[in-house]
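2 protein chains.
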Amino acid sequence: MPSANRDIDPRRKPRQVRAELTRDRILTAAAHVFSEHGYAAGTTNRIAARARVSIGSLYQYFPNKDAVLAELMVRHIDRGSWTDADRLDLSPGTLESVVRALVRDAIDNHRDDPRLLRIMIEEGQLSAELRETITRHGEQRVAQVRDVFARHPDVDVRDLDAAVDLVVFTVELNTHRLAAFPQPVAMETFENELVDMVTRYLRGPVH
Amino acid sequence: MPSANRDIDPRRKPRQVRAELTRDRILTAAAHVFSEHGYAAGTTNRIAARARVSIGSLYQYFPNKDAVLAELMVRHIDRGSWTDADRLDLSPGTLESVVRALVRDAIDNHRDDPRLLRIMIEEGQLSAELRETITRHGEQRVAQVRDVFARHPDVDVRDLDAAVDLVVFTVELNTHRLAAFPQPVAMETFENELVDMVTRYLRGPVH
DNA sequence: CACTATTATGAGCTTTTGCTCAGGTCCTGG
DNA sequence: CCAGGACCTGAGCAAAAGCTCATAATAGTG
Numbered sequence: 001m002p003s004a005n006r007d008i009d010p011r012r013k014p015r016q017v018r019a020e021l022t023r024d025r026i027l028t029a030a031a032h033v034f035s036e037h038g039y040a041a042g043t044t045n046r047i048a049a050r051a052r053v054s055i056g057s058l059y060q061y062f063p064n065k066d067a068v069l070a071e072l073m074v075r076h077i078d079r080g081s082w083t084d085a086d087r088l089d090l091s092p093g094t095l096e097s098v099v100r101a102l103v104r105d106a107i108d109n110h111r112d113d114p115r116l117l118r119i120m121i122e123e124g125q126l127s128a129e130l131r132e133t134i135t136r137h138g139e140q141r142v143a144q145v146r147d148v149f150a151r152h153p154d155v156d157v158r159d160l161d162a163a164v165d166l167v168v169f170t171v172e173l174n175t176h177r178l179a180a181f182p183q184p185v186a187m188e189t190f191e192n193e194l195v196d197m198v199t200r201y202l203r204g205p206v207h
Numbered sequence: 001m002p003s004a005n006r007d008i009d010p011r012r013k014p015r016q017v018r019a020e021l022t023r024d025r026i027l028t029a030a031a032h033v034f035s036e037h038g039y040a041a042g043t044t045n046r047i048a049a050r051a052r053v054s055i056g057s058l059y060q061y062f063p064n065k066d067a068v069l070a071e072l073m074v075r076h077i078d079r080g081s082w083t084d085a086d087r088l089d090l091s092p093g094t095l096e097s098v099v100r101a102l103v104r105d106a107i108d109n110h111r112d113d114p115r116l117l118r119i120m121i122e123e124g125q126l127s128a129e130l131r132e133t134i135t136r137h138g139e140q141r142v143a144q145v146r147d148v149f150a151r152h153p154d155v156d157v158r159d160l161d162a163a164v165d166l167v168v169f170t171v172e173l174n175t176h177r178l179a180a181f182p183q184p185v186a187m188e189t190f191e192n193e194l195v196d197m198v199t200r201y202l203r204g205p206v207h
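Here the protein sequences line up with chains A and B, keeping their order.
In terms of the UniProt record's numbering, the first sequence is residues 1 to 207.
In terms of the UniProt record's numbering, the second sequence is residues 1 to 207.
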């Protein structure tokens, strides 16, 4: 693997519309290719081919392969998936409605290809800065959920931290799965069952 | 990527003990390397180096890189993780004990490196045959769990199929996660919470 | 010990892949 | 309409990775 990340890319910046267009096509193609083949096997030539652009053009906008993934990441974050974890403060509602909001939020955040998401997180050599940002958002989200649960009168669990951890991850992972391969079970059913499971758990033992 | 899968490998078959030993060392090294670097970046040279064996020796036993992963897969299956889903027929017990058995079984099955497992499933270009076997085992497992739940008097859910699907996957994925990166939350706590969540879910709405 | 079959070695061939660069085409301002 | 910048092209270079093969070392057998 040749060289690595040159600080930040001092590459040509688009000044004409067609350039912007080319850049977008490259990124779109990259998203598909990475998602389909993984990072290592998603070659720059394949990306260029899929974008119907010459390999030279790709390197006009990105200093190297890593930068392409990084840009994809940035766009994903900028799009607001992840960023705004401020939609679920429905503390006034019933416990079930709170949980449902949590699940819906997770589903929304995974409209984009989750395979790509995984690759971005696990395979990308992200800058420490970016990785930091993501981690912080995750922790913030957990903290927020913890807060909501802590306040809610219907929540009754032995270990709140463990419970939040379990719930957040369960919701997250099940959503991932569903987005990845659309299940025989319909979306709506899935949502209902997941909500039920989490709600009943949080309500505590027989009452 | 040079050539692909030559039907089945007409490679040298070990006749002496040291050969068997070499083969094992290669596979062990491969497991580590794949787990650490992923499939694409887990080069055959790296594997050979880690096994302290020449690259030539590796290709004496495996026709190509894919075959190494495939063999790892076969071993995993043969070892019985997955295969014997016949330990959890504790129908006589309480619902909680049944669920706990299910969770424990999942944990047992992931004693091996779960990263490797993920790589084997997602990145390996497995033969259709192998993929078939795995899928079948999975379905069989789901069917069995469904059976147990169907019989148990305490189970009360709207849609049994959806419930089983949700439960099996939730248990599976949470176990994966815990094995992958040991959580701040202790193993025991995790197991208890997971069991509680699933059990309360299956017991149905307020009663 | 001699002789063969088996196993091990590693330099290096071949293919793949990240990436460059010399030269072309297109767009825009004057 | 034309000059010069912006944009695009793709042959091909260097490095890396998959893999081969001639040769050496070792084990088993009489």
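We put the CB at the ideal spot given by N, CA and C, even for glycine.
Distance CB(residue i)-CB(residue j) smaller than 8 Å
i: valine 33(B); j: arginine 18(B); result: no
i: arginine 146(A); j: valine 171(A); result: no
i: leucine 166(B); j: leucine 194(A); result: yes
i: residue 211(A); j: threonine 199(A); result: Here chain A has residues from 1 to 207 only, and residue 211(A) is not among them.
i: valine 148(B); j: leucine 202(B); result: no
i: leucine 117(A); j: alanine 31(A); result: no
i: isoleucine 26(B); j: leucine 58(B); result: yes
i: valine 103(A); j: glutamate 191(A); result: yes
i: alanine 186(B); j: proline 114(B); result: no
i: alanine 29(B); j: isoleucine 55(B); result: no
i: aspartate 112(B); j: histidine 137(B); result: no
i: arginine 177(B); j: phenylalanine 169(A); result: yes
i: leucine 130(B); j: leucine 173(A); result: no
Beta carbon proximity, residue i to chain A, threshold 8 Å
i: threonine 189(B); result: yes
i: alanine 40(B); result: yes
i: aspartate 196(B); result: yes
i: leucine 166(B); result: yes
i: aspartate 159(B); result: yes
i: glutamate 123(B); result: yes
Under 9 Å by beta carbon: chain A residues contacting residue i
i: glycine 138(B); result: Going along chain A, no residue has its Cβ under 9 Å from glycine 138(B), so there is no contact; the nearest lies around 13 Å.
CB contact below 8 Å: residue i versus chain B
i: asparagine 45(A); result: no
i: asparagine 174(A); result: yes
i: methionine 120(A); result: no
i: alanine 163(A); result: yes
i: arginine 200(A); result: yes
i: glutamate 20(A); result: no
i: glutamate 96(A); result: no
i: glutamate 193(A); result: yes
Contact list for residue i against chain B, beta-carbon separation under 9 Å
i: phenylalanine 169(A); result: Leu173, Asn174, Arg177
i: glutamate 36(A); result: The contacting residues do not exist; glutamate 36(A) stays about 12 Å from chain B at best.
Own chain residues within Cβ distance below 8 Å of residue i, not counting five before or after
i: isoleucine 119(B); result: Phe34, Ser35, Gly38, Tyr39, Leu69
i: aspartate 154(B); result: Thr94, Leu95, Leu202, Arg203
i: isoleucine 121(A); result: Ile134
Own chain partners of residue i with C-beta closer than 7 Å, once the 5 adjacent residues on each side are dropped
i: proline 14(B); result: Glu20, Arg23
i: valine 53(A); result: Thr22, Arg25, Ile26
Contacts around residue i, its chain only, beta-carbon distance under 6 Å, and the 5 residues preceding and following it disregarded
i: glutamate 99(B); result: One detail in the question is off: residue 99(B) reads as valine in this sequence, not glutamate. Counting only Cβ-Cβ distances below 6 Å, and skipping sequence neighbours, we find Val195, Val198, Thr199.
i: lysine 65(B); result: Thr44
i: glutamate 123(A); result: Tyr39
Per-residue contacts from residue i into chain B (C-beta, under 7 Å)
i: aspartate 113(A); result: Here the premise fails: no neighbours, minimum Cβ distance about 14 Å.
Chain-ordered neighbours of residue i on chain A, where CB pairs are closer than 7 Å
i: glutamate 71(B); result: Simply none; closest approach about 20 Å.
ask   = Looking at chain A, which residues of the region 51 to 64 of chain B have a Cβ within less than 7 Å of any of its Cβ atoms?
value = none
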